[in-house]
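So the sequence lines, in the order shown, correspond to chains A and B. Mapping of the first sequence onto numbering that gives the first Met the number 0: position 119 corresponds to residue 118, and the numbering continues sequentially without gaps. Mapping of the second sequence onto numbering that gives the first Met the number 0: position 158 corresponds to residue 157, and the numbering continues sequentially without gaps. Some notes on the structure that comes next.
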Amino acid sequence: MKSQTINPSEMTGTVLNIQRYCSHDGPGIRTTVFLKGCSLRCKWCGNPESIRAKPELSYDASKCTGKKACGLCLKAPFPEGAFYVVEGDDDKVKVNWHLAMDCDDSHASLCPTGALEMFGKRMTVSEVLDEVEKDSSFYRNTGGGITLSGGECMLQPDFSAALLAGAHERGINTAIETACNVPWSYVEKVLPHVDTMLHDHKLTIPERHKKWTGASNERILENFKRAYETYPNIDFIARTPLIPGVNSDEEHIRAVLAFIRPYKNVIDYELLPYHRFGLGKYELLGEVYELDDYKTPSNELVQRLQAIIDEAFGRSAQPA
Amino acid sequence: MSTNKRRIAINVGAGYVPGINAVVTGAAIAASKLGWEMVGIRDGFDGLLHPDRYSDGGLVSLSPLLIENLDPSAGGVLGQAARIDPFHVRQVNEDNMVEEVDMSDALIERLKAENIDALISVVGGQGLSILYKLQRKGLNTVCIPRSVDNDIASTMVSFGFNTALSFTIDMLDRARQGARSARKIAVVEVQGAHTGWLALQAGIAACADAVLIPEIPCDLKLLAGKLAETLSPTRTFGLVVVAEGTNFITKTQSQTPVSALKASLSPLATGEASDYVIHRSGQAAETVARELQLLIAEETYPMVIGPWVRGGTPTAVDRQLGMAYGAGAVQALNAGKEGVMVAFVPPDIRFVPLAEAINKVRTVPADSEFLKIAQSLGIFVGNKEAAL
């Protein structure tokens, strides 16, 4: 049988979103490409629409004009029972998410008001890079470039590698945001094309990591170590999404520092204070946000922990 | 009556409801009378999907001997899973990656491999949709509704409701006694995210001064006025019953902007400005107690019964209902019905197609006899119109 060679620029992946002018996803001004699919289920996740690997339906009730004005989703080709209206004054459509899960773009595209939309679409490498390249002048002036994020960008290792290699070919700096909970075979496909790797140290203790993210962290830490040692030219930046009461203790911060400080190519450790910006996205997917009662960490807490990091990196404490 | 020997299974959806053992007992006895073999699936579908986790292979033979020794007054012999959705089973794969896997085909195959030709599922509103989806994939199923809120449409009474009602009345009696001795107003939150059956019926029985339910948006100023009328030097206490899904006509100080997430989770939600939005346990009582405190001189304090109603020994009514629902499900299978929910519409047991049972909530209608009874007893039910 004749083998087929796929042109890397024509390779396709599932892209959630391309966000321009990002300033916190690596050096300089960057364009962040969010890929769909994640191998963890962090309870504080701010991008729930990125978790599932396939494109998925979302429903924005505020855009629905109701049964009398529209009602298209109440009949074929929409799945029977997936959408319904409760008798009463209000005739806005409700979603039975168990039955609506199977809807795809062919259904969402029929909604005239945009209340039904798909999160995620298939794109080729060249389509993504053409979009990213529009801001090349910003990258040149600021040291920025492309950042692959997610979800977990390394869950699409071939697509990610092709994107990053293609970016390099176009003279664009590359970075990825990853939790690294993937087989090493995925990691070694992607990292040769990476300039900066932002990586999460979410929790130190394996059992607690499993409780809050769904999987233990042994393999993740093994991948980190191997990556630090195998790719000395990559700038590694460790990160911790700081969730009060979950991982906001000094012990965790000090344990991460003890893990990363022996490696000179881990150039920084950043705290990402918990925020609730993703809350609204859960509603569009009909899902429950389990950390509803959690609050953002206080400035005092963040400053105290940041001072520990600064000390470890030999920096003077940042002004309050 | 069928003379063919059949092997059928029964399982229970997420969450305990008093009377589950009575359902299992009723179904198993009725099946044995037909000469059928009945097996129970442990922990929802887990016993079928993950038999390796169980020393007995995940299936319990509900033999006449076991059933004879099963206590219908306590516990749930089969257990429940946290989720009962075989279309999205969360697992950690061999690469340590978390994923949701569709195991619905595997489930149906496992049933076939076990020579189980029909499944009786004891489920709530969400479970009905999942079983409907499985039925459309070829699963021969009969559902039994269970709800402590009594919010499942098509059936007059779900099993579990009566036990919850009895317990709630008992708690309200205690709250009333406490309020009387403290000379304060107790604001007690009870279960009822979408419907006010529990609050209304318990409130009537406990002689509450006011009952607030999701179906009737509450005017807190009118409620304060009603309490001011009731209170006197010889009547120095009050009892306000609040269903957890209660909403308010006027914006309260503590109300945060309505989240469309919660709106989408609530079958009666109306979008961004939804009146049918559940916040979290205790919030309704806290809101009413705090807002009332701004309007009246007497001290108010919130109490929450909440999920306490989900445990305990079933009442006589729920034991009877449980047995009837269990036996009714077997009757349905024997009559060749499938894809139906057993419904109790006094005096009949009926079989309602699942397609008709889903996407509906049994709410308190505006012309409910219970509302009329409350009105005749002078109980305030949320707004002036309803209280007249």
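All C-beta atoms in this analysis are idealised placements derived from N, C-alpha and C, irrespective of residue type, glycine included. This one's a predicted model, so the numbers in the text were calculated from it and none came from an experiment.
Identification of residues in the segment 160-181 of chain A having a C-beta nearer than 8 Å to some C-beta of chain B yields Asn-180, Val-181, given in sequence order.
Taking the Cβ atoms as the reference, Leu-58(B) lies roughly 16 Å from Gly-75(B), outside the contact range of under 8 Å.
Checking the DSSP bridge columns, you'll see Pro-144(B) partnered with Val-122(B). With respect to Gly-18(B), Phe-166(B) sits apart: the two C-beta atoms are not nearer than 8 Å. Following the DSSP letters along the chain, one finds Phe-86(B) in no alpha helix (DSSP H), marked with neither H nor E.
With respect to Val-240(B), Gly-202(B) sits close: the two C-beta atoms are nearer than 8 Å. Under the DSSP assignment, Pro-272(A) falls in the beta strand (DSSP E) whose first and last residues are 265-272. Uninterrupted beta strand (DSSP E) stretches at least 3 residues long and entirely within the segment 32-97 of chain A occur at 55-58, given in chain order. About 6 Å separates the Cβ atoms of Asn-20(B) and Leu-69(B), confirming a contact at the 8 Å cut-off.
Not flagged as an interface residue toward chain A: Asn-382(B), since no C-beta distance is shorter than 8 Å. Along the segment 80-98 of chain A, the positions whose C-beta sits under 7 Å from a C-beta of chain B are Gly-80, Tyr-83, Val-85, Asp-89, Lys-91, Lys-93, Val-94, Asn-95, His-97, Leu-98, read in chain order. With a cutoff of 8 Å on beta-carbon distance, Leu-256(A) and Ile-204(A) are scored as not near each other. The Cβ of Val-91(B) sits closer than 8 Å to at least one Cβ of chain A. Between Leu-34(A) and Leu-147(A), the gap from beta carbon to beta carbon is short of 8 Å.
The CB of Arg-218(A) comes closer than 9 Å to the CB of Asp-94, Asn-95 in chain B, given here in chain order. For secondary structure counted as the beta strand (DSSP E) over 3 or more consecutive residues, the segment 137-203 of chain A holds these complete runs in sequence order: 144-148, 172-177, 195-199. In terms of beta-carbon proximity, Ser-38(A) lines the interface with chain B, with at least one pair separated by less than 8 Å. The C-alpha of Ile-171(A) is placed about 12 Å away from the C-alpha of Ile-28(A). Using a Cβ-Cβ cut-off of 8 Å, Tyr-15(B) does not count as an interface residue toward chain A, since no Cβ of chain A sits closer than that to its own. In the DSSP secondary-structure assignment, Ser-60(B) is bridged to Val-38(B).
Residue range 124-132 is occupied by the alpha helix (DSSP H) that includes Val-124(A), with no beta strand (DSSP E) assigned at that position. Counting C-beta atoms within 10 angstroms of its own C-beta, Asp-42(B) has 16 or more neighbours from the protein chains shown and is therefore classed as buried. Neighbours of Ser-153(B) across chain A, judged by C-beta separation under 8 Å, do not exist; the nearest C-beta is about 14 Å away.
For Ser-215(A), the chain B residues whose C-beta falls within less than 8 Å of its own C-beta are Asn-95, listed in chain order. As DSSP reads the structure, Thr-30(A) sits in a beta bridge with Ile-145(A). Judged by DSSP in its simplified three-state form, Leu-320(B) adopts helix.
With respect to the 8 Å criterion, Lys-183(B) and Glu-298(B) are classified as neighbours on the basis of their beta carbons. When secondary structure is reduced to three states using DSSP, Lys-220(B) falls in the helix class.
For the segment 123-146 of chain B, the beta-carbon criterion of a distance under 8 Å to any beta-carbon of chain A is satisfied by Gln-125, Ser-128, Ile-129, Tyr-131, Lys-132. Nearest C-alpha to Ile-378(B) among Thr-229(B), Arg-361(B), Val-341(B), Tyr-324(B): Thr-229(B).
Under the Cβ criterion of 8 Å, Ile-357(B) is counted among the residues facing chain A. In the displayed model, Asn-114(B) falls within coil according to three-state DSSP, outside both helix and strand.
Where Pro-205(A) is concerned, the enclosing alpha helix (DSSP H) starts and stops at 205-212. Taking Leu-171(B) as reference, the option from Leu-197(B), Val-11(B), Gly-56(B), Lys-32(B) with the minimal CA-CA separation is Leu-197(B).
Not flagged as an interface residue toward chain A: Ala-80(B), since no C-beta distance is shorter than 8 Å.
Among the residues of chain A, those whose CB is under 9 Å from the CB of Ala-354(B) are Glu-79, Gly-80, following chain order.
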